[in-house]
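Asks:
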Amino acid sequence: TQLLEQSPQFLSIQEGENLTVYCNSSSVFSSLQWYRQEPGEGPVLLVTVVTGGEVKKLKRLTFQFGDARKDSSLHITAAQPGDTGLYLCAGAPPYGGATNKLIFGTGTLLAVQP
Amino acid sequence: EPEVTQTPSHQVTQMGQEVILRCVPISNHLYFYWYRQILGQKVEFLVSFYNNEISEKSEIFDDQFSVERPDGSNFTLKIRSTKLEDSAMYFCASRADYNSPLHFGNGTRLTVT
């Protein structure tokens, strides 16, 4: 069974601080997605990383896929209250079969205080 | 921008009752999924549907669950006899093709009493 562990589980920081969220597994994934979920809503895709070592930037968010494609990180620079939410990583197993389903991580709940 | 829509947003039912959760995936999408998220837990895969049939299902998706695409637009999840532990947010998702991004609906919160 492929598992994705995220750390930390909860993070409360002040506006303007930087933070990093980690997504780790002992398994290889063909790609990894990061989602953000707000209360009462479904996950919204932020980014997909595919190549080992890949780095993608989305404004103040930087995503990295590990060289071995087993882990990923999300770094937020100068966090703002609007960044508050549940951040989820989700991996696509290398042999996706008929469906290419995603395996979701345990989630990181971020609260940015003004 | 096209989106996945789910109804109802909240469903309360008594244990043992049947419920049907409805989804309208994005119109040109070919792959359809149901996931669920029990409060405080991670999002879990239930079932995927492609080419008018189930292509994969998880251990959670037992004989009490079924899915259907009765016409060209709706995709439904039926739970035949609900249990307390079925209480969760149920998310429908769709994607255009095998490798394209997965789009989620806003979910149906199912509460079984």
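Chains A and B supply the protein sequences, listed in that same order. Residue 472 is where the first sequence starts when you use my numbering, and the numbers rise one by one after that. Residue 44 is where the second sequence starts when you use my numbering, and the numbers rise one by one after that. Ideal Cβ positions, reconstructed from N, Cα and C, are used throughout, including at glycine.
#1: For A550(A) and Q508(A), I'd like the C-alpha separation in whole angstroms.
#2: Below 9 Å on C-beta distance, what does S137(B) contact in chain A?
#3: With distance defined between alpha-carbon atoms, name the residue in K541(A), L573(A), G578(A), E486(A) nearest to E99(B).
#4: In the DSSP output, which residue or residues are listed as bridge partners for M132(B)?
#5: To the nearest angstrom, how far is it from the Cα of S498(A) to the Cα of L474(A)?
#6: From what residue to what residue does the beta strand (DSSP E) around E546(A) run?
#7: Which residues in chain B sit within 7 Å of G523(A), going by Cβ to Cβ distance?
#8: For F75(B), which residues in the same chain have their Cβ closer than 6 Å to its Cβ, ignoring the five residues on either side in sequence?
#9: Buried or exposed: M132(B), going by 16 or more other Cβ atoms within 10 Å of its Cβ?
#10: For L153(B), go through chain C and note every residue whose CB falls closer than 7 Å to its CB, in chain order.
#11: Does the beta-carbon of H146(B) have 16 or more other beta-carbons within 10 angstroms, so that it is buried, or is it exposed?
#12: Beta strand (DSSP E) containing T50(B): first to last residue?
#13: What did DSSP end up calling L73(B) once you bin it into helix, strand or coil?
#14: Spatial neighbours of V518(A) within its chain, please: CB distance less than 8 Å, with the 5 preceding and 5 following residues excluded, ordered by chain position.
#15: Does any residue of chain B have a CB that is nearer than 8 Å to the CB of E476(A)?
#16: Examine chain B for any beta-carbon lying closer than 8 Å to the beta-carbon of L516(A), and answer yes or no.
#17: Since S478(A) is in the beta strand (DSSP E), which residue starts that stretch and which ends it?
#18: Give the list of continuous beta strand (DSSP E) stretches no shorter than 3 residues that lie fully inside the segment 86 to 145 of chain B.
#19: Is the segment 53 to 63 of chain B close to the segment 535 to 549 of chain A, with three or more CB pairs under 8 Å?
Replies: Once the coordinates are examined:
#1: 16 Å
#2: Near S137(B) there are no residues of chain A at all, since even the closest Cβ is about 11 Å away, more than 9 Å.
#3: L573(A)
#4: Q80(B), R152(B)
#5: When rounded, the distance between both Cα atoms is 8 Å.
#6: Sequence check: residue 546(A) is His here, not Glu. Segment 542 to 547, the beta strand (DSSP E) holding H546(A).
#7: Correct list: empty, because the minimum Cβ distance to chain B is about 17 Å.
#8: Sequence-distant partners of F75(B) (beyond 5 residues in either direction) whose C-beta falls short of 6 Å from its own C-beta, in its chain, are P68, F92, F118, S137.
#9: buried
#10: Protein chains A and B are contained in the structure displayed, whereas chain C is not.
#11: Under this definition H146(B) is a buried residue.
#12: 48 to 50
#13: L73(B) falls in the coil class under three-state DSSP.
#14: Q504, W505, K527, L529, L532, F534
#15: no
#16: Yes, L516(A) lies at the interface with chain B (some Cβ there is under 8 Å from its Cβ).
#17: DSSP places S478(A) in the uninterrupted beta strand (DSSP E) bounded by 476 to 478.
#18: 86 to 93, 96 to 100, 108 to 111, 118 to 122, 131 to 138
#19: With the cut-off at 8 Å, the segment 53 to 63 of chain B and the segment 535 to 549 of chain A do not touch.
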